[in-house]
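Taken in order, the sequence shown gives residues 1 to 98; the numbers are from the working numbering. Ideal placement from N, C-alpha and C gives every residue a C-beta, glycine not left out. Just below is one structure, and these are the notes that go with it.
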Amino acid sequence: MSSLQLSLPHLAASRFKRRPVCCANERHDLFNRIAPVYDNLNDLLSFGQHRIWKRMAVSWSGAKMGDSVLDLSCGSGDLTFLLSEKVGSYEKQKRNDI
1 MSSLQLSLPH LAASRFKRRP VCCANERHDL FNRIAPVYDN LNDLLSFGQH
51 RIWKRMAVSW SGAKMGDSVL DLSCGSGDLT FLLSEKVGSY EKQKRNDI
């Protein structure tokens, strides 16, 4: 039986040593390394299910045409984009990432 091997050029294994991320600069650097592959990594780890979960979350939100929505910690913004399709206007939704 062969094992699954991931090849993620932006996430070299040597970059991730087992130590706590304790200061703001280290946290910022960590997120900058993860950001370019975040959605692809979600696809891989959830076998694409995260896309279904996000659509379900938007459906359960009850957002409808003309509503205003707020997405905190929006990350890549894909959930925000789905919400904007629901409310009908990009100006009706706000997003922020920490």
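Which of helix, strand or coil DSSP assigns to residue i
i	result
Thr-80	helix
Ser-3	Annotation note: pLDDT 47 at Ser-3 (below 50); position unreliable, coordinate value reported separately. It is coil, neither helix nor strand.
Ser-46	helix
Lys-86	helix
Sub-8 Å separation of residue i and residue j beta-carbons
i	j	result
Leu-83	Val-69	yes
Residue span of the beta strand (DSSP E) that contains residue i, given as start and end
i	result
Val-69	69-72
Sequence-distant residues of its chain with Cβ nearer than 8 Å to residue i (five each side left out)
i	result
Asp-43	His-50 and Arg-51
Arg-55	Leu-82
6 Å Cβ shell around residue i - same chain, five flanking residues per side excluded
i	result
Gly-66	none
Bounding residues of the alpha helix (DSSP H) (the contiguous stretch that carries residue i)
i	result
Ala-57	49-61
Ala-24	24-34
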